[in-house]
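The structure under discussion appears below in the form of structure tokens.
There are 4 protein chains.
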Amino acid sequence: MQRFALIGAGFIGTVHAQNLAAHPGIEFVGIHDVAEARAQELAARFGTRSLSAAEVFDPATVDAVFIASSTDTHAVHLRSAADAGLAVMCEKPIAPDLAEARAVVDYVTASGVPAMLDFNRRYDRDHAGLQRVVRKGGVGAVELVQMSTRGPSLPPIEYLRVSGGQMADQTVHFFDLLRWITGQEPVSVAVQGSALVDPSIAEFGDVDTSVATLTLESGAIVEIDSVRRTGYGYDERIEVMGSTGLVESRRNRTSNVAVYGAGAVTEAGLHPGWFERVQPTYALALAAFVEALEAGHPAPATLEDGLRAQAIAEAATRALRSGRTEAIEY
Amino acid sequence: MQRFALIGAGFIGTVHAQNLAAHPGIEFVGIHDVAEARAQELAARFGTRSLSAAEVFDPATVDAVFIASSTDTHAVHLRSAADAGLAVMCEKPIAPDLAEARAVVDYVTASGVPAMLDFNRRYDRDHAGLQRVVRKGGVGAVELVQMSTRGPSLPPIEYLRVSGGQMADQTVHFFDLLRWITGQEPVSVAVQGSALVDPSIAEFGDVDTSVATLTLESGAIVEIDSVRRTGYGYDERIEVMGSTGLVESRRNRTSNVAVYGAGAVTEAGLHPGWFERVQPTYALALAAFVEALEAGHPAPATLEDGLRAQAIAEAATRALRSGRTEAIEY
Amino acid sequence: MQRFALIGAGFIGTVHAQNLAAHPGIEFVGIHDVAEARAQELAARFGTRSLSAAEVFDPATVDAVFIASSTDTHAVHLRSAADAGLAVMCEKPIAPDLAEARAVVDYVTASGVPAMLDFNRRYDRDHAGLQRVVRKGGVGAVELVQMSTRGPSLPPIEYLRVSGGQMADQTVHFFDLLRWITGQEPVSVAVQGSALVDPSIAEFGDVDTSVATLTLESGAIVEIDSVRRTGYGYDERIEVMGSTGLVESRRNRTSNVAVYGAGAVTEAGLHPGWFERVQPTYALALAAFVEALEAGHPAPATLEDGLRAQAIAEAATRALRSGRTEAIEY
Amino acid sequence: MQRFALIGAGFIGTVHAQNLAAHPGIEFVGIHDVAEARAQELAARFGTRSLSAAEVFDPATVDAVFIASSTDTHAVHLRSAADAGLAVMCEKPIAPDLAEARAVVDYVTASGVPAMLDFNRRYDRDHAGLQRVVRKGGVGAVELVQMSTRGPSLPPIEYLRVSGGQMADQTVHFFDLLRWITGQEPVSVAVQGSALVDPSIAEFGDVDTSVATLTLESGAIVEIDSVRRTGYGYDERIEVMGSTGLVESRRNRTSNVAVYGAGAVTEAGLHPGWFERVQPTYALALAAFVEALEAGHPAPATLEDGLRAQAIAEAATRALRSGRTEAIEY
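Respectively, the protein sequence lines represent chains G, H, X and A.
The first sequence begins at 1 in full-length UniProt numbering and counts up one residue at a time.
The second sequence begins at 1 in full-length UniProt numbering and counts up one residue at a time.
The third sequence begins at 1 in full-length UniProt numbering and counts up one residue at a time.
The fourth sequence begins at 1 in full-length UniProt numbering and counts up one residue at a time.
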């Protein structure tokens, strides 16, 4: 039985609270939030209690901390968990600034506590199925990868302004998937992008529609398109072509119902938003961390993985601005 | 908040215990089983307690009873719930014998307690999507219905010997779906069947592979094939052709991953067994009953629905033996 | 080089003329039609000439006759071909009356001329692919067969009145496919049908929507649904379940174009009519006959095959009227 | 009736000979080839005759010339057709060198003869369906285009050495499709590529696996991946995302047959080679040219279209070598 405390009682904290409460191998010790009332309300819903900041990091009652607070607080909580000798699972990113993130990872690594970054998309049923095919050689040597990450509608401009840009905010999840699927590091990246949905995005140097092209160590080529607003729902798709075949993680549909009419067949569409598609992945990621803790194995997605995805995103952001192919430095 | 007690701690009781514990509008009072140790073990797993038979039907502490005990005990528990004035949700069937089932339904109905039969397949995402299309006229007037219910492997012969036959044990769920999808009553049925998988099934007058053909009030025609052992997984499929189009609830696949090789594409297969496919439906059925209770609405699937499905199964069993088209008497 | 003469310059004669002209191993000698002007016009279009009835059966200039004239004339032309010692390919049916058809087949068989009945659906790309899987044991022993034959719109009532009924006019093609796919003879048949599209069809004892259920020698069960008017295009579908798997010849779509919109994906529909789907099969059937002639092999679909499909249709028509399972007598 | 002469009796000339012979509105005057015996043989097969070079361009007997000879002879034949005042349909490319191609196009255009470049992929059923959806606004304003052009196996190195490179030899067809589908001109292009299949390709500065990223006038972004050897057949796929939806021209399969086994469904694969997929497009392109000639309309794909696709390919080749985004100059 692992005793977990949760930090953060917002939208994503609520998702994690549900999973912490439901996992049979977890004792859900309590929830801390800077807004205490919010922590109390959420705690009541899942039969646990509100914690102070000090209680969260008390090794007498807590084995592991789940950090789901606002992005700018991840680093400090990671350091506290390391100081207290607690296992820690953390939402992305480690820290908005790459240099700071590196410092935190060094600190936590030196402490020796088990730490996992919540790259939940690795637990998408279909992406995981594709990864298994690729890693066991089911399509031969990887030669060409195509990924699409497309949201249904533009987030608010105020959010986008502080998001770090499309590469760091949206594409970064696919930079991680790419490393995980291929087992290779990308060495360079070029990006072409436009602000097609809302030209005001260009004012702060960002884009809403882009294509990143990466080259892997082996010379294999990768294209990742990122879209902020599709008009047709939430769309993720991956295909990996190798020397002997191709494997595809197809667009997900919301049902298997089809209506045949004169001249056309109307089938179920994509999910309306990202949450409807990725919801099952959070519980699976948590279960994987618990399993690793119980077995004494390394976490399936490490802070180092987080750093590397962030380093790719930083190079991609540079490439978008320079218009040139940029080398990726880890 | 509805206070539920559960009767039965076997396989299906365990499924219901999980859903009773997870439903935010349910207080899970406890579990009764003839094997008390089993009830205690299950109760411990879900943070509730073991109940005596008397405690289950105590209106001071219980609002609703969920009957998931062995088939031959459903009738007596239904009567007890009625006597105690408790709402009741019951696994199929009401009673193995149709006449006895009718008597129980009359008794419970007279008592006025809310009662729902757990026709969980009505909560299958795809079948439910198809039903909505049909009932809102999306394919015009129903003219031809095709249903497949096919299990992956033969149940044990000892089970089959007392199961009541393929029509009563397997096809009956689709007799209910048929009534629910079309909003019509079938008036006659003919059946052709064979014991192809295991000829010893024929010794007790049963079959493992069959086609039932029914005629609805409107003259629309229905074919339902039932198979005990497919060799390729658990297979359910429904299509409804109407005067203006066709709607299909397709075979479900376990993922959206496909591997393209020379000359062939290998895609994900069907579910290995029935439980993998229908698992999500139980929680949805329970939630629908709770919603009806809270709103004071009639249960979405009544005991009367159960009787009617059973009456069709009985006529189908007669038809299988007579080789003739049999009228269905409700 | 095989020298072919064609009898019949109507719609289907025109289809065959095109294929006779295009086949590199055929010398297209000419066309006969009772309406000579029509034969002349068609002959001009394909660079051949109009023939008298006598010229068609002249072994000095003709090796093979293709009979595509009206149904009631097939028998007499088959006898003439036999008398002249010419190979003969004939449109279905041999003769509307089964006894007469038997007499013609005996006569032609006794003459020893190569003869093929144009069961063109055996050359449908997908149905043929399914047949190969079944016959090489790809799904094990056949246990359950499901076939759908559904036309887009009701033929004229005057046509239906003299068509011989849905079993003989429409379902008969699938009785042949069934024998060809399974390599087995059906032994009995039951049929349920309704006149749902136009009740006046019932006045002459016919139906427009029906389900035929057959049992094969092995005990395997077959369901064939036949529909005159779908509302959503021309629909053929076959699936064969065996002891180890299932093979499906899916609905054909007119393209691979799909439009993803909010909440729904609109895909290409079915063919508007039968001809759009089956058109490629005629040339393939002709080519198969020519190949058999050149190699001295028996025709891939014999007149005897035609008799047997007709015998099944006759039993099915009896079953529709009697409401009972009827034995099939070949 | 249009009187056509064909130049070239090789593989692609044979394809065109077949279509010229089959088109009801064409009188197939004859065939010229530098190897006269080859012309004679092909002419005999399609009931026409061998022509001298002079006879091909004789306006007394010929209305239109189809140029299907070797690539380096297109330019001279185009000029001859212009001199003779004959309509001309020409295989791609106009001339290997862009400057020379421009000179030829100016020459032919000045002569006023109707001229069409055989961009046959515009007549692919599915790509054409997609184009119609895009051009009538079915997905809103174009924002992101994804195209895949992937051959099954590496052409001989000797061929690749003189092919002009992957952009000019393979991707060029998709540069044309891109302009035709979107109705826009690309303004810049960047390319990343590798020689993964055969490193010796890199010796002459070429690649076998590449991704070209283009920006259209509107800022819309395009990614085109080109692959010389897939290992899983011939693969073309296009999707166009617009401001309101997405339209997809899916991978083509060779049949609609699927086999369901334990754990997997095996479906039909892609075409073994390019010819199996594109074969029907040649006749459709020819028919479109004849229709334009008869109606006095401009050709549906002009020599100018050819120049523009070639200009994009030239910029893409520069971009592949420079590693930079290159402006496209028409």
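Backbone N, C-alpha and C define an ideal beta-carbon position, used for all residues, glycine too.
The Cβ-Cβ distance between Phe28/G and Phe11/G does not fall below 8 Å. Judged by beta-carbon spacing, Leu284/A lies beyond the 8 Å limit of Gln2/A, meaning their Cβ atoms are not closer than that value. Residues of chain G with a Cβ closer than 7 Å to the Cβ of Arg125/H are, in chain order, Ser255.
DSSP places Phe28/H within a strand segment (E or B) once states are collapsed to three. If you draw a straight line from the Cα of Ser194/G to the Cα of Ile238/A, it is about 21 Å long. When DSSP reads this structure, Phe66/X sits in a beta bridge with Leu6/X and Met89/X. Under the three-state reduction of DSSP, Pro186/H is assigned to strand. Taking all protein chains in view, the Cβ of Thr266/H is crowded by 16 or more other Cβ atoms within 10 Å, so the residue is classified as buried.
If you look at Glu217/X, you'll find it isn't in any alpha helix (DSSP H); DSSP assigns it neither H nor E. In this structure Phe119/G is not in contact with Phe66/G, their Cβ atoms being roughly 14 Å apart against a cut-off of 8 Å. When DSSP reads this structure, Ala327/G sits in a beta bridge with Ser188/G. Interface with chain G (8 Å Cβ-Cβ cutoff): Arg318/A is excluded. In the displayed model, Tyr232/A falls within coil according to three-state DSSP, outside both helix and strand. Between Ala309/H and Phe175/H, the C-beta gap is smaller than 8 Å, which places the two residues in contact.
Using a 10 angstroms sphere on the CB of Ser70/A, the tally of other CB atoms stays under 16, which defines it as exposed. Using a CB distance below 7 Å, the part of the segment 241 to 253 of chain A facing chain X consists of Gly245, Leu246, Val247, Glu248, Ser249, Arg250 and Asn252, ordered along the chain. Taking 8 Å as the cut-off, the beta carbon of Ile221/G is found closer than this to the beta carbon of Val211/A. Apart from sequence neighbours up to five positions away, the residues of its chain that approach Thr281/A with a beta-carbon distance below 7 Å are Asn120, Arg121, Tyr123 and Asp124, ordered along the chain. With fewer than 16 other beta carbons inside 10 angstroms of its own, Tyr330/H counts as exposed. Residue range Glu36 to Arg45 is occupied by the alpha helix (DSSP H) that includes Gln40/X. In summary, Arg135/X is exposed, with fewer than 16 beta-carbon neighbours lying within 10 Å of its beta-carbon over all protein chains present. Of all residues in the UniProt domain "GFO/IDH/MocA-like oxidoreductase" (130 to 247) of chain H, those with a C-beta nearer than 7 Å to a C-beta of chain A are Gly231, Tyr232 and Gly233, reading in chain order. For Ser80/H, the uninterrupted alpha helix (DSSP H) segment begins and ends at His74 to Ala84. The C-beta distance from Val191/A to Ala319/A rounds to 5 Å, short enough to fall under 8 Å. With respect to Tyr232/X, Gly273/X sits apart: the two C-beta atoms are not nearer than 8 Å.
Among the residues of chain A, those whose CB is under 7 Å from the CB of Gly323/G are Thr325, following chain order. A straight line joining the alpha-carbon of Ala37/H with that of Met116/H spans about 28 Å. Comparing alpha-carbon positions, the option among Ala21/H, Ala315/H and His16/H lying closest to Ser188/H turns out to be Ala315/H. As the crow flies, the alpha-carbon of Val88/X is around 44 Å from that of Ser226/H. Annotation: Cβ neighbours of Thr266/A in chain H (cutoff 9 Å, chain order): Ala264, Val265, Thr266 and Glu267.
Residue burial is scored here from C-beta neighbours: Gly263/A has fewer than 16 other C-beta atoms within 10 angstroms and is therefore classed as exposed. Of Ala84/X, Ala101/X and Ala75/X, the smallest CA-CA separation from Ser111/X is found for Ala84/X. Arg161/X counts as exposed, since fewer than 16 other beta carbons sit within 10 angstroms of its beta carbon. DSSP places Gly261/A within a strand segment (E or B) once states are collapsed to three. Look at Gly273/A: its C-beta is not under 8 Å from any C-beta on chain H.
When secondary structure is reduced to three states using DSSP, Thr266/H falls in the strand class.
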